[in-house]
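Visitor: Let me give you the structure first, and then I'll get to my questions.
There are 4 protein chains.
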Amino acid sequence: MARPKSEDKRSAILAAAMRVIVTQGLSAPTAVIAKEAGVANGTLFTYFETKTDLLNELYLDLKREMAAAALKGFSPEGESRKQYFQVWTNWMAWAVAHPKKRRALALLGVSDEITSKSRAAGHKAMAPMRELLERVHSNGAMRDAPTGLFMAMMNAAAEATMDYMALDKAHADKHCRAGFEALWRMIG
Amino acid sequence: MARPKSEDKRSAILAAAMRVIVTQGLSAPTAVIAKEAGVANGTLFTYFETKTDLLNELYLDLKREMAAAALKGFSPEGESRKQYFQVWTNWMAWAVAHPKKRRALALLGVSDEITSKSRAAGHKAMAPMRELLERVHSNGAMRDAPTGLFMAMMNAAAEATMDYMALDKAHADKHCRAGFEALWRMIG
Amino acid sequence: MARPKSEDKRSAILAAAMRVIVTQGLSAPTAVIAKEAGVANGTLFTYFETKTDLLNELYLDLKREMAAAALKGFSPEGESRKQYFQVWTNWMAWAVAHPKKRRALALLGVSDEITSKSRAAGHKAMAPMRELLERVHSNGAMRDAPTGLFMAMMNAAAEATMDYMALDKAHADKHCRAGFEALWRMIG
Amino acid sequence: MARPKSEDKRSAILAAAMRVIVTQGLSAPTAVIAKEAGVANGTLFTYFETKTDLLNELYLDLKREMAAAALKGFSPEGESRKQYFQVWTNWMAWAVAHPKKRRALALLGVSDEITSKSRAAGHKAMAPMRELLERVHSNGAMRDAPTGLFMAMMNAAAEATMDYMALDKAHADKHCRAGFEALWRMIG
DNA sequence: CATGAATGAGCGTTCATTCAT
DNA sequence: GATGAATGAACGCTCATTCAT
Numbered sequence: 140m141a142r143p144k145s146e147d148k149r150s151a152i153l154a155a156a157m158r159v160i161v162t163q164g165l166s167a168p169t170a171v172i173a174k175e176a177g178v179a180n181g182t183l184f185t186y187f188e189t190k191t192d193l194l195n196e197l198y199l200d201l202k203r204e205m206a207a208a209a210l211k212g213f214s215p216e217g218e219s220r221k222q223y224f225q226v227w228t229n230w231m232a233w234a235v236a237h238p239k240k241r242r243a244l245a246l247l248g249v250s251d252e253i254t255s256k257s258r259a260a261g262h263k264a265m266a267p268m269r270e271l272l273e274r275v276h277s278n279g280a281m282r283d284a285p286t287g288l289f290m291a292m293m294n295a296a297a298e299a300t301m302d303y304m305a306l307d308k309a310h311a312d313k314h315c316r317a318g319f320e321a322l323w324r325m326i327g
Numbered sequence: 140m141a142r143p144k145s146e147d148k149r150s151a152i153l154a155a156a157m158r159v160i161v162t163q164g165l166s167a168p169t170a171v172i173a174k175e176a177g178v179a180n181g182t183l184f185t186y187f188e189t190k191t192d193l194l195n196e197l198y199l200d201l202k203r204e205m206a207a208a209a210l211k212g213f214s215p216e217g218e219s220r221k222q223y224f225q226v227w228t229n230w231m232a233w234a235v236a237h238p239k240k241r242r243a244l245a246l247l248g249v250s251d252e253i254t255s256k257s258r259a260a261g262h263k264a265m266a267p268m269r270e271l272l273e274r275v276h277s278n279g280a281m282r283d284a285p286t287g288l289f290m291a292m293m294n295a296a297a298e299a300t301m302d303y304m305a306l307d308k309a310h311a312d313k314h315c316r317a318g319f320e321a322l323w324r325m326i327g
Numbered sequence: 140m141a142r143p144k145s146e147d148k149r150s151a152i153l154a155a156a157m158r159v160i161v162t163q164g165l166s167a168p169t170a171v172i173a174k175e176a177g178v179a180n181g182t183l184f185t186y187f188e189t190k191t192d193l194l195n196e197l198y199l200d201l202k203r204e205m206a207a208a209a210l211k212g213f214s215p216e217g218e219s220r221k222q223y224f225q226v227w228t229n230w231m232a233w234a235v236a237h238p239k240k241r242r243a244l245a246l247l248g249v250s251d252e253i254t255s256k257s258r259a260a261g262h263k264a265m266a267p268m269r270e271l272l273e274r275v276h277s278n279g280a281m282r283d284a285p286t287g288l289f290m291a292m293m294n295a296a297a298e299a300t301m302d303y304m305a306l307d308k309a310h311a312d313k314h315c316r317a318g319f320e321a322l323w324r325m326i327g
Numbered sequence: 140m141a142r143p144k145s146e147d148k149r150s151a152i153l154a155a156a157m158r159v160i161v162t163q164g165l166s167a168p169t170a171v172i173a174k175e176a177g178v179a180n181g182t183l184f185t186y187f188e189t190k191t192d193l194l195n196e197l198y199l200d201l202k203r204e205m206a207a208a209a210l211k212g213f214s215p216e217g218e219s220r221k222q223y224f225q226v227w228t229n230w231m232a233w234a235v236a237h238p239k240k241r242r243a244l245a246l247l248g249v250s251d252e253i254t255s256k257s258r259a260a261g262h263k264a265m266a267p268m269r270e271l272l273e274r275v276h277s278n279g280a281m282r283d284a285p286t287g288l289f290m291a292m293m294n295a296a297a298e299a300t301m302d303y304m305a306l307d308k309a310h311a312d313k314h315c316r317a318g319f320e321a322l323w324r325m326i327g
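Chains as they are written, first to last, in the numbering used here: chain E, 140 to 327; chain D, 140 to 327; chain V, 140 to 327; chain P, 140 to 327.
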């Protein structure tokens with residue numbers, strides 16, 4: 140089958156795109172991404188039909204990686220607070236460990252290049268976390284507020300905490316806990 | 140060129156930029172913005188030296204308008220909770236009344252075209268709110284968390300509430316209060 | 140109204156396109172055409188929205204010029220043979236005097252970039268000649284053959300004669316007459 | 140590489156090229172031709188060094204096939220008119236039976252990718268017809284016109300007749316004869 | 001100052017051809 | 001020999017900015 144499409148090259152392109160996007164934004168030329176990945180200009184297009192496709196796949200890739208990191212070791216048993224604290228801690232740890240990926244994800248998340256299909260798939264990767272939170276919601280202080288508002292508040296708190304942890308890495312752990320406590324006061 | 144002739148034209152361009160950005164994103168051509176403003180292509184550049192300048196000024200403009208709306212009728216006396224509830228209500232009302240402006244502001248906020256100088260100036264417009272919140276912070280449940288984290292959480296909650304109100308306008312008032320209650324539980 | 144669109148520039152581009160197409164074919168880069176016309180790359184697109192538009196307008200332009208040359212001094216009175224001989228002579232003279240234009244027209248004529256609308260408009264420019272020929276047809280040796288076949292034969296004879304005249308310019312006049320005689324034997 | 144292994148593959152590529160060119164023009168990608176032929180992208184280049192080579196060989200192939208069809212059963216004896224009518228009829232029949240091949244040949248014929256060498260070889264395939272016509276020429280009405288003009292006129296008439304037959308297949312036979320009569324009036 | 005044509009760098013994508021498998 | 005991924009030059013077109021009118 141001749142030279143098979145190389146999974147390595149594919150991920151090299153995705154990784155390069157991530158790095159380049161962080162420094163140059165989503166308008167980074169595909170040529171720059173290709174060069175950063177160490178492949179020829181045209182090769183990028185044998186792995187991704189269009190730039191938009193590349194961006195969408197990168198979005199999903201990062202979203203899935205983030206979800207996997209957050210849900211690492213997660214089992215849907217035990218006390219909700221403890222469970223969620225574990226997830227929260229994983230999540231924050233990933234965010235602090237991969238600031239570039241988080242930045243790229245943020246840029247992609249607000250771009251209108253990302254299709255609703257990609258967004259839905261990204262959502263799905265977070266499903267276990269969402270289920271856990273639904274349990275929290277229905278028993279907690281916000282039980283009378285709509286789920287959508289509840290989720291939005293939770294997400295917002297998470298993003299804010301990540302931002303702050305990144306800003307003051309030295310006390311990241313402390314901020315992680317403080318963020319969680321604040322959140323739990325709100326929703327618990 | 141500090142004060143070009145027609146202040147009307149200037150604001151027409153800013154308003155046009157806002158409208159166009161909402162539908163086309165930040166990459167909207169200056170030619171389109173100019174046409175939407177009813178002026179010639181080149182005229183835009185006698186009012187704003189570069190497109191980046193235009194975006195920065197629009198950012199500040201919107202930020203200031205938003206701050207003014209939120210702080211309408213604000214006087215730094217009285218009980219913090221009541222004061223802040225008033226501000227919060229104003230703020231949410233503005234957001235719901237001007238979804239396009241909020242959308243444009245959101246796009247601008249994450250763009251790397253916006254300089255830190257603009258961001259600082261935008262910050263400044265919110266100073267009275269910040270001062271009020273600092274009082275809340277030093278006496279409230281998050282008094283041991285850093286101000287930055289505190290502010291980030293508050294902002295995040297506000298954005299989340301706005302989003303949700305926009306999504307379900309019929310019960311906007313209810314969500315406005317629910318968001319505030321949740322926030323206050325966290326920070327009060 | 141600022142710099143008005145310059146009719147000169149427009150025709151410079153059309154003329155340049157004609158020249159370039161003759162040497163490089165229809166796939167000649169727009170950049171080359173622009174340079175040949177002495178304008179910037181982008182300027183070409185303020186006069187012609189797309190390359191296809193440029194090609195279509197060039198086609199029409201040449202077709203009209205050719206028709207005008209052939210029909211110069213034509214009045215629909217007098218004996219058909221004499222009339223048509225005059226047209227034929229004009230036509231051949233134009234073809235020999237403007238071999239590049241004829242070559243460009245030939246290339247454009249077989250291209251599928253040229254729309255049926257352009258072809259129809261080109262046809263229209265030849266209408267007076269067509270009418271004259273219809274008279275010839277209905278009274279001549281081919282009166283029982285369909286008009287379409289008649290016209291095709293006439294056109295083919297014209298093209299063949301032009302080709303041969305171009306090949307042997309020294310005796311162009313003689314070939315012009317020989318071609319006409321042959322044609323007339325066929326259709327007269 | 141003069142005679143690569145599979146003659147089948149070679150003709151599959153040529154046939155595919157013909158089909159693809161008819162629908163997509165001469166700028167059809169080699170990749171598309173290869174796929175249509177059921178071979179890999181690169182395989183095409185083991186049978187034809189360059190795309191230009193492929194086009195030239197296709198041109199010759201078609202030209203030869205056309206000549207063979209026209210000359211089927213031809214023997215250089217008997218009355219010229221009868222002989223040529225036979226050839227003409229064969230020729231027209233082939234054209235009507237293989238409109239795609241004729242279309243491809245037409246596209247190739249006007250392309251500047253086709254070398255003069257290929258054109259000369261194509262010419263050669265028609266030699267017997269040409270010899271017959273030379274006899275007609277030297278005794279016919281055009282005996283005083285140069286051979287080149289004579290041949291051009293004959294070819295033009297043939298093309299025109301083919302075009303018209305293809306347009307109105309129902310009466311193809313009639314048009315075939317009408318075309319011949321017209322031609323013979325001109326040259327006979 | 002207003003206008004809009006002029007400019008040319010820059011971009012996403014294509015495709016003939018090469019070459020590793 | 002067959003395959004199809006790799007290559008990179010090339011192209012049509014866009015658009016921020018300049019400048020003649």
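Built from N, CA and C at the ideal position, the CB exists for glycine as well. Note that the structure is a prediction, hence the values are computed from the model and not measured.
Which residues in chain V sit within 8 Å of P/T300, going by Cβ to Cβ distance?
Guide: By Cβ distance, chain V contributes L288, A291 and M292.
Visitor: Indicate the three-state DSSP secondary structure (helix, strand or coil) for D/M140 in the structure shown.
Guide: Confidence at D/M140 is low in this model, with a pLDDT of 45, below 50, so its placement is unreliable and the value that follows should be read with caution. Reduced to three states, the DSSP call for D/M140 is coil.
Visitor: Rounded to the nearest angstrom, how far is the Cβ of D/A234 from that of D/M301, given a contact under 8 Å?
Guide: Rounded, the Cβ-Cβ distance is 4 Å, consistent with contact.
Visitor: Would a C-beta distance cut-off of 8 Å place D/A280 and D/G327 closer than the cut-off?
Guide: Yes, the pair counts as a contact, with Cβ atoms nearer than the cut-off.
Visitor: Please confirm if P/Y198 has its CB atom under 8 Å from at least one CB of chain V.
Guide: Chain V, which has no Cβ nearer than 8 Å to the Cβ of P/Y198, makes this no.
Visitor: DSSP three-state call for D/K313: helix, strand or coil?
Guide: In this structure, D/K313 counts as helix in the three-state DSSP scheme.
Visitor: For the region 195-228 of chain P, enumerate the residues whose C-beta is nearer than 8 Å to any C-beta of chain V, in chain order.
Guide: Taking 8 Å as the Cβ-Cβ cut-off against chain V, none of the residues of the region 195-228 of chain P qualify.
Visitor: So, is the C-beta of P/V178 closer than 8 Å to a C-beta in chain V?
Guide: Judged by the 8 Å Cβ criterion, P/V178 is not in contact with chain V.
Visitor: To the nearest angstrom, how far is it from the Cα of P/G181 to the Cα of E/D200?
Guide: Approximately 33 Å, taken between the alpha carbons.
Visitor: Terminal residues of the continuous alpha helix (DSSP H) containing V/S257?
Guide: Its alpha helix (DSSP H) spans residues S255 to A264.
Visitor: Relative to the C-alpha of E/E216, which residue among E/H310, E/L272, E/T286 and E/P168 is closest?
Guide: When each option's Cα is compared against that of E/E216, the closest is E/L272.
Visitor: State buried or exposed for E/E298, treating a residue as buried only when at least 16 other CB atoms are found within 10 Å of its CB.
Guide: When all chains shown are included, E/E298 counts as buried.
Visitor: Secondary structure at E/A167, three-state DSSP: helix, strand or coil?
Guide: Residue state, collapsed to three classes: coil.
Visitor: How is the alpha helix (DSSP H) around E/A284 delimited, first residue to last?
Guide: No alpha helix (DSSP H) contains E/A284, which DSSP labels as neither H nor E.
Visitor: For V/K211, name the three-state secondary structure that DSSP assigns.
Guide: Coil, per DSSP.
Visitor: State yes or no: is the C-beta of V/N210 within less than 8 Å of the C-beta of V/A156?
Guide: It should be pointed out that residue 210 of chain V corresponds to Leu in this sequence rather than to Asn. Cβ distance not < 8 Å, so V/L210 and V/A156 don't count as in contact.
Visitor: Can you give the Cα-Cα distance for D/W323 and D/E188, rounded to whole angstroms?
Guide: For D/W323 and D/E188, the distance between alpha carbons rounds to 44 Å.
Visitor: Rounded to a whole number of angstroms, what is the C-alpha to C-alpha distance between E/P143 and E/Q163?
Guide: The alpha-carbon atoms of E/P143 and E/Q163 are separated by roughly 31 Å.
Visitor: Which word fits P/G212, buried or exposed, when buried means at least 16 other C-beta atoms lie within 10 angstroms of its C-beta?
Guide: P/G212 should be labelled exposed.
Visitor: Going by CA-CA distance only, name the one from P/L183, P/V226, P/H310 and P/E146 that's closest to P/M265.
Guide: Comparing Cα-Cα distances from P/M265 to each of P/L183, P/V226, P/H310 and P/E146, the minimum goes to P/V226.
Visitor: Does the region 237-247 of chain P come close enough to the region 168-178 of chain P that 3 or more CB-CB pairs lie under 8 Å?
Guide: Cβ pair count under 8 Å is below three, so no.
Visitor: Starting from V/V178, trace the alpha helix (DSSP H) both ways and give me its first and last residue.
Guide: Per DSSP, V/V178 belongs to no alpha helix (DSSP H) and is neither H nor E.
Visitor: Check whether the Cβ atoms of D/L244 and D/K202 lie closer than 8 Å to each other.
Guide: Cβ distance < 8 Å, so D/L244 and D/K202 count as in contact.
Visitor: Show which residues of chain P have a CB atom less than 8 Å away from the CB atom of V/M281.
Guide: Ordered by position in chain P, the residues that pass the 8 Å Cβ test against V/M281 are A317 and A321.
Visitor: For V/R316, which residues in the same chain have their Cβ closer than 6 Å to its Cβ, ignoring the five residues on either side in sequence?
Guide: Contacts found: none.
Visitor: With a threshold of 7 Å (Cβ to nearest heavy atom), would V/L271 be considered close to the ligand SAH?
Guide: The ligand SAH is absent from the structure shown, which contains no ligands of any kind.
Visitor: Of the choices E/A206, E/P285 and E/L247, whose alpha-carbon is the least far from that of E/N195?
Guide: Selected option, being the one with the closest Cα: E/L247.
Visitor: For D/L306 and E/G261, which I take to be in contact (beta-carbon distance under 8 Å), what is that distance rounded to the nearest angstrom?
Guide: The pair is not a contact, with the Cβ atoms about 19 Å apart (cut-off 8 Å).
Visitor: Compute the beta-carbon to beta-carbon distance between E/L197 and E/L153, rounded to the nearest angstrom, for a pair I have assumed lies under 8 Å.
Guide: About 5 Å separates the two Cβ atoms, so the contact holds.
Visitor: Does chain V have any CB closer than 8 Å to the CB of P/G261?
Guide: Output row for P/G261: interface = no.
Visitor: Identify which residue in D/W230, D/S219, D/H310 and D/F289 has its Cα closest to the Cα of D/A208.
Guide: Cα-wise, what sits closest to D/A208 is D/W230.
Visitor: Flag this pair as yes or no: are the beta carbons of P/S219 and P/V161 separated by less than 8 Å?
Guide: It is not a contact, given that the beta carbons lie outside the stated cut-off.
Visitor: Please list, in chain order, all residues of the same chain as E/F250 whose beta carbon is under 8 Å from its beta carbon, the five residues on each side excluded.
Guide: Checking the sequence, you will find Ser at residue 250 of chain E rather than Phe. Cβ neighbours of E/S250 beyond the five flanking positions: L165 and L194.
Visitor: Starting from the beta carbon of P/H314, find every residue of chain V whose beta carbon is closer than 7 Å, and list them in chain order.
Guide: Residues of chain V passing the Cβ test: L288.
Visitor: Indicate the three-state DSSP secondary structure (helix, strand or coil) for D/F187 in the structure shown.
Guide: Note: D/F187 maps to coil in three-state DSSP.
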